[in-house]
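Asks: The structure under discussion is supplied below as structure tokens; questions concerning it will follow.
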Amino acid sequence: MLCYFCCEKERPTYFSHFCDDCNSLRRLMLSYSPSKCTEILKRTCLRDDKQIGFKINQEIKKIVIKEIETKNIEKVGDESHVTPKTRSKSSVKN
Ligand SMILES: [Zn+2]
């Protein structure tokens, strides 16, 4: 006896139509109105090509930052490494 909405989970009883998750979704939709819930889900769960690009860049940045952090941790143990000196901002004059 699968749920009539998601068709994945079992219904708790023979006479119920939806599984527990779909039942809670239904209660939320009744509380906030179906159109508002649909709008929120579309805004948060659906992505267009531009948003997918942003998400991919964000994930790449996370990976790069993680790699830099692991390299910095490795360098802390290496005392022969000398950090390069950069010009201080106060010495730069236009
Ligand atoms: Zn369900």
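The opening residue of the sequence shown carries number 1 in the numbering used here; numbering runs sequentially from there.
Where a beta carbon is used, it is the ideal one built from N, C-alpha and C, also for glycine.
1) Just to confirm, are CYS19 and LEU2 a CB contact at a threshold of 9 angstroms?
2) Taking the alpha helix (DSSP H) that MET29 belongs to, which residues open and close that run?
3) Applying the criterion that 16 or more other CB atoms from any shown protein chain within 10 Å of the CB defines a buried residue, is CYS6 buried or exposed?
4) Can you tell me the Cα-Cα spacing of LEU128 and ARG11, whole angstroms?
5) So if I measure from each beta-carbon to every heavy atom of ligand 1 and keep distances below 6 angstroms, which residues remain?
6) Starting from the C-beta of LYS9, find all residues in its chain whose C-beta is less than 8 angstroms away, skip the five residues before and the five after it, and write them out in chain order.
7) Enumerate in chain order the residues of its own chain whose CB-to-CB distance from LYS55 is below 8 angstroms, with the five nearest sequence positions on each side excluded.
Replies: So, from the listed chains and residues:
1) Taking the first residue of the sequence shown as position 1, residue 19 is located at position 19. Taking the first residue of the sequence shown as position 1, residue 2 is located at position 2. For CYS19 and LEU2, yes; Cβs fall inside 9 angstroms.
2) Within the sequence shown, the letter at position 29 stands for residue 29. Note, MET29: alpha helix (DSSP H), 20-32.
3) Position 6 of the sequence shown, counting from 1, holds the residue named residue 6. Classification of CYS6: exposed, given that the 10 Å Cβ count is below 16.
4) Nothing about residue 128 can be read from this structure; the chain reaches only from 1 to 94.
5) CYS3, PHE5, CYS6, LYS9, PHE18, CYS19, ASP21, CYS22
6) Looking up residue 9 in the sequence shown gives position 9. Excluding residues within five positions, the ones whose Cβ falls inside 8 angstroms are LEU2, CYS3, CYS19, ASP20, ASP21, CYS22.
7) Along the sequence shown, one-based indexing puts residue 55 at 55. Correct list, in chain order: ARG47.
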